[in-house]
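Q: Shown below is the structure under consideration.
Number of protein chains: 4
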Amino acid sequence: MWQEIENQLRAEFEFKDFSQAFAFMTEVALVAEKLNHHPDWRNVWNKVSFRLSTHDAGDVITARDHKLAEAIDLIRKRYQG
Amino acid sequence: MWQEIENQLRAEFEFKDFSQAFAFMTEVALVAEKLNHHPDWRNVWNKVSFRLSTHDAGDVITARDHKLAEAIDLIRKRYQG
Amino acid sequence: MWQEIENQLRAEFEFKDFSQAFAFMTEVALVAEKLNHHPDWRNVWNKVSFRLSTHDAGDVITARDHKLAEAIDLIRKRYQG
Amino acid sequence: MWQEIENQLRAEFEFKDFSQAFAFMTEVALVAEKLNHHPDWRNVWNKVSFRLSTHDAGDVITARDHKLAEAIDLIRKRYQG
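Chains as they are written, first to last, in the numbering used here: chain A, 1 to 81; chain B, 1 to 81; chain C, 1 to 81; chain D, 1 to 81.
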C-alpha cells in the first residue's frame with residue numbers, strides 16, 4: 001500500500017463516502033496527536049491520501065513515519081474490511 | 001436494540017476503545033446535522049448511549065427519532081460488524 | 001465552573017450551536033486520548049456536560065481529573081471567549 | 001483570502017496547533033455534509049488549505065463553491081478572531 005517516493009511514505013485510501021472518510025480521519029487525528037507525529041494529508045470526498053515524513057529530521061522518512069503508517073493501516077482495515 | 005422508555009428511544013452501544021467510539025460519534029454528528037435532528041447522547045470510554053425524542057413535539061418520540069435511530073444503526077453496524 | 005459533587009468533578013458548558021459544541025468535543029477527545037484519561041460526558045444540542053472521576057482509583061477525583069478539567073477549560077475559553 | 005486560480009477557489013488558513021486545526025476541520029465537515037458539497041482540502045499540522053470547485057459542473061467554480069467558502073469563513077473567524 002505504502003510507497004516510498006521522494007523521501008515520503010505515500011498512500012491513498014478510498015472509503016464508501018465522505019462521512020466514512022472523515023470518521024477514519026478522526027481516528028487518525030487521535031492517534032497522530034497521541035504519537036505527537038502528524039501527517040500531511042488530503043481529502044477529496046471519499047478519498048484520503050497521505051505523505052509522511054519527519055520534519056525535525058530534515059523531511060525524510062524515519063521510524064516515526066513507519067509507526068504512524070502502521071497505526072493508520074490498523075484503523076483503515078476496520079473501515080475497508 | 002432500541003427500547004421505548006419514558007417517551008424516549010434508548011440504546012447503548014459498545015466499541016473496541018475510545019478512539020473507535022468517537023469515530024462512530026463523528027459519523028453520527030454528521031448525519032444528525034444533515035437531518036437537523038440531534039441526539040441526547042452520552043459517552044464513557046468505549047460506550048455510547050442515546051436518548052432520542054423530539055423537543056419541538058413536546059419531548060415525545062416522532063418519526064424524526066425513528067429516522068435518526070435507523071441512521072445510527074447503519075453506522076453502528078459497520079463498527080460492530 | 002467545576003463543582004465537586006458525589007466524588008465527581010462536574011461542569012456544563014453551552015455553545016452557539018451543535019456544530020460548535022461538537023468541534024469543542026473533538027478537541028477534548030484529542031486531549032483526553034493524549035492524557036489517556038477520558039471523560040464521562042453528555043451532549044444535548046449546544047450543551048456539553050462532564051462528570052470526571054478516576055475509575056482506577058475507585059471512582060474518586062484524582063489529580064488526573066483536575067488536569068483534564070484544566071485542559072477542557074483552556075479549550076472552552078477559546079470557544080466561549 | 002480566497003483567490004480564483006485555475007478554476008478553483010483557493011485559500012490557506014493557519015491555526016494555533018493541530019488540535020485547533022482539526023476542530024476547525026470538523027466544523028467544516030459538518031457544514032460540507034449539510035450542503036452536500038465537499039472540499040478538496042489538505043492539512044499539515046496547523047495549516048489547512050482548500051481548493052474548491054464543482055465536479056458536476058465540469059470542475060469549475062460555481063455558486064455552491066462561493067457558498068461553501070462563505071461558510072468556511074464564518075467558522076474560521078471564530079478560531080482566528
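Heads up, the beta-carbon is just placed ideally off N, CA and C, and yes, glycines get one too.
Check this for me: beta carbons of B:Ile75 and B:Val28, under 8 Å apart or not?
A: Yes. Within cutoff.
Q: Determine which residues of the region 22 to 53 of chain D have a Cβ less than 8 Å from any Cβ of chain C, and write them out in chain order.
A: The residues in question are Phe22, Ala23, Phe24, Thr26, Glu27, Leu30 and Val31.
Q: Taking the Cβ atom as the reference point for each residue, do C:Ser19 and B:Glu4 lie within a distance shorter than 8 Å?
A: In this structure, B:Glu4 does not lie closer than 8 Å to C:Ser19 by Cβ.
Q: Let me check one thing: in DSSP terms, what residues is B:Ser49 bridge-paired to?
A: Its beta-bridge partners are B:Glu12 and B:Arg42.
Q: Looking at the C-beta of C:Phe18, does it have a partner C-beta in chain B at a distance below 8 Å?
A: With 8 Å as the cut-off, C:Phe18 counts as an interface residue toward chain B.
Q: Okay, do the region 48 to 62 of chain A and the region 8 to 23 of chain A touch, 3+ Cβ pairs below 8 Å being the bar?
A: Counting Cβ pairs under 8 Å, three or more are found: they touch.
Q: Closest to A:Asn36 by CA distance: which of D:Thr54, D:Asp17 and D:His37 is it?
A: Closest by alpha carbon: D:Asp17.
Q: What does D:Thr54 pair with, by DSSP beta-bridge criteria?
A: DSSP output for D:Thr54 lists D:Val60 as bridge partner(s).
Q: Please classify A:His38 as buried or exposed, where buried requires at least 16 neighbouring CB atoms within 10 angstroms.
A: Classification of A:His38: buried, given that the 10 Å Cβ count is 16 or more.
Q: Whose C-alpha, out of B:Met1, B:Asn46 and B:Ala57, is nearest the C-alpha of B:Met25?
A: Closest by alpha carbon: B:Asn46.
Q: Excluding the 5 residues preceding and the 5 following B:Phe22 in the sequence, name in chain order all residues of the same chain whose CB lies nearer than 8 Å to its CB.
A: Within the same chain, B:Phe22 has close Cβ partners Asn43.
Q: Which residues in the same chain as B:Phe15 place their Cβ atom closer than 8 Å to its Cβ, once the five residues preceding and following it in sequence are excluded?
A: Closer than 8 Å at the Cβ level, and outside the excluded window around B:Phe15, lie Ala21, Phe24, Asn46, Lys47, Val48, Tyr79 and Gln80.
Q: Can you give me the C-alpha to C-alpha distance between C:Asp59 and B:Trp2, rounded to a whole angstrom?
A: Each residue's Cα considered, the two are about 29 Å apart.
Q: List the whole-angstrom C-beta distance separating B:Leu30 from D:Leu30, where the pair is believed to meet the contact cut-off of C-beta under 8 Å.
A: Their Cβ separation, rounded to whole angstroms, is 6 Å, which keeps B:Leu30 and D:Leu30 in contact under 8 Å.
Q: How many Å lie between C:Glu70 and C:Asp40 at the Cα?
A: Roughly 16 Å separates the two Cα atoms.
Q: Classify B:Glu6 as helix, strand or coil using the three-state DSSP reduction.
A: Residue state, collapsed to three classes: coil.
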